[in-house]
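Participant: In full-length UniProt numbering, the protein residues as written are 1 to 519.
We put the CB at the ideal spot given by N, CA and C, even for glycine.
Note that this is a predicted model, so its numbers are computed, not measured.
#1: Measure the alpha-carbon distance for residue 119 versus residue 214 and round it to whole angstroms.
#2: Where does residue 251 land, buried or exposed, given buried means 16+ other C-beta within 10 angstroms?
#3: Can you tell me whether residue 94 is buried or exposed? The criterion is at least 16 other CB atoms within 10 Å of its CB, across all chains shown.
#4: Of all the options 163, 469, 515 and 497, which has the alpha carbon lying nearest to the alpha carbon of residue 293?
#5: Just the Cα atoms here: how many angstroms apart are residue 289 and residue 297?
#6: Output needed for residue 272: all residues of its chain with C-beta closer than 7 Å, excluding positions within five of it in sequence on either side, in chain order.
#7: Would you give the residue range spanned by the beta strand (DSSP E) that residue 264 belongs to?
#8: Please report the residue range of the beta strand (DSSP E) in which residue 231 lies.
#9: Is it buried or exposed, residue 245, if we count other Cβ atoms within 10 angstroms and call 16 or more buried?
#10: According to DSSP, is residue 416 part of a helix, a strand, or is it coil?
#11: Classify residue 492 as buried or exposed, calling it buried when 16 or more other Cβ atoms lie within 10 Å of its own Cβ.
#12: Pairing CB atoms from the stretch 479–488 with CB atoms from the stretch 306–313, are three or more of them under 8 Å?
#13: Let's see if you can read the secondary structure: which residues bound the beta strand (DSSP E) around residue 393?
#14: Excluding the five sequence neighbours on either side, which residues of its own chain have a C-beta within less than 7 Å of the C-beta of residue 515, listed in chain order?
#15: Is the distance from the Cβ of residue 205 to the Cβ of residue 172 below 9 Å?
#16: Have a look at residue 500 and residue 228 and give me their C-alpha separation to the nearest angstrom.
#17: Identify, in the order they occur along the chain, each residue of the same chain with its Cβ nearer than 6 Å to the Cβ of residue 320, setting aside the five sequence neighbours on each side.
#18: Can you give the Cα-Cα distance for residue 535 and residue 264, rounded to whole angstroms?
#19: When we look at the beta-carbon of residue 445 and count the other beta-carbons within 10 Å, is it buried (16 or more) or exposed?
#20: I'd like to know if the stretch 356–365 and the stretch 464–483 are in contact, where contact means that at least 3 CB-CB pairs between them fall below 8 Å.
#21: Whose C-beta lies closer than 6 Å to the C-beta of residue 133 among residues of the same chain, with five residues either side of it excluded?
#22: DSSP three-state label for residue 213, please.
#23: Helix, strand or coil, according to DSSP, for residue 473 in the structure here?
#24: Quick check: the stretch 382–394 against the stretch 362–371, are there 3 or more CB pairs under 8 Å?
#25: With 16 other CB atoms within 10 Å as the buried threshold, where does residue 181 fall?
#26: With a 10 Å radius around its C-beta and 16 neighbouring C-beta atoms as the bar for buried, classify residue 281 as buried or exposed.
#27: If I follow the unbroken alpha helix (DSSP H) through residue 332, where does it start and stop?
#28: Classify residue 270: buried if its beta carbon has 16 or more other beta carbons within 10 angstroms, exposed otherwise.
#29: From what residue to what residue does the alpha helix (DSSP H) around residue 313 run?
#30: Between the Cα of residue 113 and the Cα atoms of 195, 149 and 122, which residue gives the shortest distance?
#31: Taking 7 Å as the limit between beta carbons, can you name the residues of its chain near residue 325, skipping five residues before and five after?
#32: Please report how far the alpha carbon of residue 498 lies from the alpha carbon of residue 232, in whole angstroms.
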């Protein structure tokens, strides 16, 4: 019994030792497992921590290893570099948080445009049957459709045109030119839900398009704002689409009085007095493809000598009694060496003299002022030919420019033009010579520089290329219509009625109120 008791102590001691080692072993295993678990949780792709470890210790190319190998390598790196263990437990810095949380900026946000894919009969088929299009003239329009609607290239006329950016462009084809430029627009989208505006490439100036509207309203894009985010472009004056009679034999159409069309905005070479019509410049014959061509032309206009005080290019209006044009032609003819007249008439081979850009540019380049009376309507292409030539335009009615091209010309009209208000030619007492000669030379120089500065904003660059630093007439028109539609969206967001004022008429748009002339 005593022997047994004496033997119990070493047996008990041995058992205790074994149990102790077992506890230590289990504890070590548990700690190791916990450490592994804790480390794997921390080194997951979380808050940029793994990226820090890889960028400091691994070649990024080797990160395609197996998951276990990645863990082993990362763990070894951490254990052998105790001074780096702060990477594991440290929270990401503010800079890291800002990089992660800051969204990537979308340079086209608010500027996306979706082009409606219209049936071909509303645009392409009209072009293909160009021989039957006269658009109010007696000319065959087919020759003007080449070169993306710019017309045939014009040779440098006696050194007047400088480079090969000149074309025989027809003003009625603005819709075709605009469409071709829109195809190159930097923020086009195929997803109409992303679009800030919907462009409808319907050549309304070439066809009445009476079947377009039934197709249009059936499209899902229409229902988003019931057409108020839609716009179209025409190469005619807006009045041609606002015939107020039901007589089909009367001039023009009732296109803009149709309910569906009334919900859209229209860009044209001359706006009407309705709020959903907007004027954009007539296309000139200058369509540069590079910024350098614009700069060269501007420099040429700054250096140009101008021997004539003023000039006029146009035809008389004998059927209009007391016409301002008639008075201008009389004064020009009586002014001897101060004025130069280019009468637009049929010349050799039936060509109209003013259709040759060389004739018009030579006249305007040699003039300080270019007279711009109203013609068959308020506006005329000659306005933009004058600006292109660095010639200061002289207006006689606010509807010719000031109430029209608000996206393209300065609101302070005295910066770039002279205004001689003539409500009635019978009351026109001061002569043009006297009025223009009273203007100080300093102001003349300032106005001319502003006119030359405006050149990029009133031309349409070649649709087959894109200017890098200048915004042309197309760019400014797109900006303008996007702002217009954004304003309608704001009304909707604020709980207002988007139809209120959208297509209202403005009876004061073309009045002389608020426009002062030269004294």
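Facilitator: A quick look at the data gives this:
#1: Reading the chain shown from its first residue, position 119 is the one you call residue 119. Reading the chain shown from its first residue, position 214 is the one you call residue 214. Distance between the alpha carbons of residue 119 and residue 214 is about 12 Å.
#2: On the chain shown, position 251 is the one that residue 251 refers to. By the 10 Å Cβ count, residue 251 comes out exposed.
#3: For the purposes of this step, residue 94 is identified with residue 94 of the chain shown, where counting begins at 1. Only weak support is given to the placement of residue 94: the predicted model assigns it a pLDDT of 41, under 50, and the question is left unresolved by the model.
#4: Indexing the chain shown from 1 puts residue 293 at position 293. The option with the nearest alpha carbon to residue 293 is 163.
#5: What you label residue 289 is simply residue 289 of the chain shown in a count that begins at 1. What you label residue 297 is simply residue 297 of the chain shown in a count that begins at 1. Residue 289 and residue 297: Cα-Cα distance of roughly 13 Å.
#6: Within the chain shown, the letter at position 272 stands for residue 272. The answer, listed in chain order, is 238, 239 and 242.
#7: What you label residue 264 is simply residue 264 of the chain shown in a count that begins at 1. Unbroken run through residue 264: none, as it is neither H nor E.
#8: The count along the chain shown starts at 1 and reaches residue 231 at position 231. Segment 230–233, the beta strand (DSSP E) holding residue 231.
#9: Reading the chain shown from its first residue, position 245 is the one you call residue 245. The residue is exposed, with fewer than 16 neighbouring Cβ atoms inside 10 Å.
#10: In the chain shown, counting from the first residue as 1, residue 416 sits at position 416. Three-state result, residue 416: coil.
#11: Here residue 492 refers to the residue found at position 492 when the chain shown is read from its first residue. Exposed.
#12: no
#13: Within the chain shown, the letter at position 393 stands for residue 393. Element bounds for residue 393: 392–395.
#14: Taking the chain shown and counting its residues from 1, the one referred to as residue 515 is at position 515. Cβ within range, chain order: 398, 402, 419 and 421.
#15: Your numbering for residue 205 matches position 205 in the chain shown. Your numbering for residue 172 matches position 172 in the chain shown. The answer is yes: Cβ separation under 9 Å.
#16: Reading the chain shown from its first residue, position 500 is the one you call residue 500. Reading the chain shown from its first residue, position 228 is the one you call residue 228. If you take the alpha carbons of residue 500 and residue 228, they lie about 12 Å apart.
#17: In the chain shown, counting from the first residue as 1, residue 320 sits at position 320. There are no such residues.
#18: Not covered by the structure: residue 535. The range shown for the chain is 1 to 519.
#19: In the chain shown, the residue the question calls residue 445 occupies position 445. Flag for residue 445 reads exposed.
#20: no
#21: Sequence index remark: in the chain shown, residue 133 carries index 133 (1-based). Cβ neighbours of residue 133 beyond the five flanking positions: 141 and 206.
#22: Locating residue 213 in the chain shown gives position 213, counting from the first residue. Residue 213 falls in the helix class under three-state DSSP.
#23: By 1-based counting over the chain shown, the position of residue 473 is 473. In this structure, residue 473 counts as helix in the three-state DSSP scheme.
#24: yes
#25: By 1-based counting over the chain shown, the position of residue 181 is 181. When all chains shown are included, residue 181 counts as buried.
#26: Reading the chain shown from its first residue, position 281 is the one you call residue 281. It is buried - the Cβ of residue 281 has at least 16 other Cβ atoms within 10 Å.
#27: Against the chain shown, residue 332 aligns to sequence position 332. Start and end: 324–334.
#28: Position 270 of the chain shown, counted from the start, is the residue given in the question as residue 270. Answer is buried; the Cβ neighbour count reaches 16.
#29: Numbered from its first residue, the chain shown carries residue 313 at position 313. No alpha helix (DSSP H) contains residue 313, which is instead part of the beta strand (DSSP E) from 308–314.
#30: In the chain shown, residue 113 corresponds to position 113, counting from 1. Ranking 195, 149 and 122 by Cα distance to residue 113 puts 195 first.
#31: Along the chain shown, read from residue 1 onward, the residue named residue 325 stands at position 325. 314, 316, 317 and 373, listed in sequence order.
#32: Here residue 498 is taken as the residue at index 498 of the chain shown, counted from 1. Here residue 232 is taken as the residue at index 232 of the chain shown, counted from 1. Approximately 19 Å between the Cα atoms of the pair.
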